[in-house]
Amino acid sequence: MSYADIERIEKRFLTRVDLDRLLDDEGLGAANPAIPQRETEIMQAVDEEINAQLQGLYPVPFEAGSVPPLIEHIADRLVAVAIYSRRPGELPPTIRDLAAWAETKMRAVIRREIQLLATDPPTKSQPPLVSKDDDDRIFSDTTLGKMPS
Numbered sequence: 736m737s738y739a740d741i742e743r744i745e746k747r748f749l750t751r752v753d754l755d756r757l758l759d760d761e762g763l764g765a766a767n768p769a770i771p772q773r774e775t776e777i778m779q780a781v782d783e784e785i786n787a788q789l790q791g792l793y794p795v796p797f798e799a800g801s802v803p804p805l806i807e808h809i810a811d812r813l814v815a816v817a818i819y820s821r822r823p824g825e826l827p828p829t830i831r832d833l834a835a836w837a838e839t840k841m842r843a844v845i846r847r848e849i850q851l852l853a854t855d856p857p858t859k860s861q862p863p864l865v866s867k868d869d870d871d872r873i874f875s876d877t878t879l880g881k882m883p884s
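Just so we're aligned: 777 in our numbering is position 42 of the sequence shown, and the numbers increase by one with no gaps anywhere.
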C-alpha cells in the first residue's frame, strides 16, 4: 500500500496519456508492461522519503486505512513531480508548484505547525484552551498589598 494513488494523480494532476508518455522509456506506448512497475517504484520512493522525514515524530509507516489525508495529498503531488522529473528539460510551472506546495506542507508538519493527527499537541495557530469564571482575578487585594513598591 502506498500513500499516493495513481488514480487520484490522474484525476488531479496528469492525464493517463501523460503518465504513459513520461514512464515509457522504451517508446512502446501505453502497452509497455514496465509502466506499472515504474509507477510502483516511484510511489515506494516517495513513501520512503515521507517516512524518513516523519520518523521519530509519528509511527511510520502509516497503516492502510489510517493514512492522514494531508500525507496522501503530499504523496500524490510528490509522485506527480517525480514522474515528470524523469524526462529531461524544465519542469512546467504547474508541476513546480506541486513540489513547492508539498515541501511547504511537509515542513509545517515537521515543525508541528499543522496538526496531522488528532492525538497531536495543539498547533501554534490554535488558541489555548482556557476555562474562566466570573470570580477569576489575576491579582487580589491581598496579593497587591504584599507586593514591593
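Virtual Cβ for every residue (Gly too), placed ideally from N, Cα, C.
Note that the structure is a prediction, hence the values are computed from the model and not measured.
Determine, using beta-carbon pairs with one atom in the stretch 817-829 and one in the stretch 788-798, whether at least three such pairs fall under 8 Å. The answer is no - the stretch 788-798 does not touch the stretch 817-829, with fewer than three Cβ pairs under 8 Å.
How would you label residue 815, buried or exposed, when you count the other beta carbons within 10 angstroms and need 16 or more for buried? By one-based count along the sequence shown, residue 815 stands at place 80. Around the beta-carbon of residue 815, 16 or more other beta-carbon atoms lie within 10 Å, marking it buried.
If you draw a straight line from the C-alpha of residue 839 to the C-alpha of residue 768, how long is it? In the sequence shown, the residue the question calls residue 839 occupies position 104. In the sequence shown, the residue the question calls residue 768 occupies position 33. CA-CA distance, residue 839 to residue 768, rounds to 35 Å.
Which residue wins for smallest C-alpha separation from residue 813, given the options 760, 799, 763, 774? Indexing the sequence shown from 1 puts residue 813 at position 78. Answer by Cα proximity: 774.
For residue 811, which residues of its own chain have a beta-carbon under 6 Å away from its beta-carbon, when the five flanking residues on both sides are left out? The residue given as residue 811 occupies position 76 in the sequence shown. These residues qualify, in order along the chain: 739, 743, 744.
Residues in its own chain within less than 8 Å of residue 852 by CB, not counting five upstream and five downstream? Within the sequence shown, the letter at position 117 stands for residue 852. Hits under 8 Å: 793, 803.
Suppose contacts are defined by Cβ-Cβ distances below 7 Å. Is residue 765 in contact with residue 755 by that definition? Locating residue 765 in the sequence shown gives position 30, counting from the first residue. Locating residue 755 in the sequence shown gives position 20, counting from the first residue. In contact: residue 765 and residue 755 (Cβ atoms closer than 7 Å).
Out of 770, 748, 799, 761, which has the shortest C-alpha to C-alpha gap to residue 736? The residue you call residue 736 lines up with position 1 of the sequence shown. By alpha-carbon distance to residue 736, the top candidate from 770, 748, 799, 761 is 799.
DSSP three-state assignment for residue 850, whether helix, strand or coil: Start at 1 with the first residue of the sequence shown, and residue 850 comes out as number 115. Looking at residue 850 - three-state DSSP - the assignment turns out to be coil, as it is neither helix nor strand.
Mapping DSSP to helix, strand and coil, what is residue 793? To locate residue 793, count along the sequence shown from 1; it is residue 58. Assignment of residue 793 by DSSP, reduced to helix, strand and coil, places it in the strand class.
Could you check which residue in 797, 847, 850 has the C-alpha nearest to that of residue 783? As a first step, residue 783 must be located in the sequence shown, where it is residue number 48. That would be 797, whose Cα lies nearest to the Cα of residue 783.
Please classify residue 745: does DSSP put it in a helix, a strand, or coil? Stepping through the sequence shown from its first residue, residue 745 is reached at position 10. In this structure, DSSP gives residue 745 a helical state, which the three-state scheme calls helix.
In the DSSP assignment, the alpha helix (DSSP H) including residue 804 goes from what residue to what residue? Taking the sequence shown and counting its residues from 1, the one referred to as residue 804 is at position 69. In this chain, the alpha helix (DSSP H) harbouring residue 804 covers 804-819.
Could you check if residue 763 is buried or exposed, using at least 16 other CB atoms within 10 Å of its CB as the buried criterion? The residue given as residue 763 occupies position 28 in the sequence shown. Classification for residue 763: exposed.
Nearest-angstrom Cα distance between residue 746 and residue 817? As a working note, residue 746 is residue 11 in the sequence shown. As a working note, residue 817 is residue 82 in the sequence shown. In this structure, the CA atom of residue 746 is about 17 Å from the CA atom of residue 817.
Taking Cβ to Cβ, would you say residue 757 is nearer than 7 Å to residue 770? Position 22 of the sequence shown holds residue 757. Position 35 of the sequence shown holds residue 770. In this structure, residue 770 does not lie closer than 7 Å to residue 757 by Cβ.
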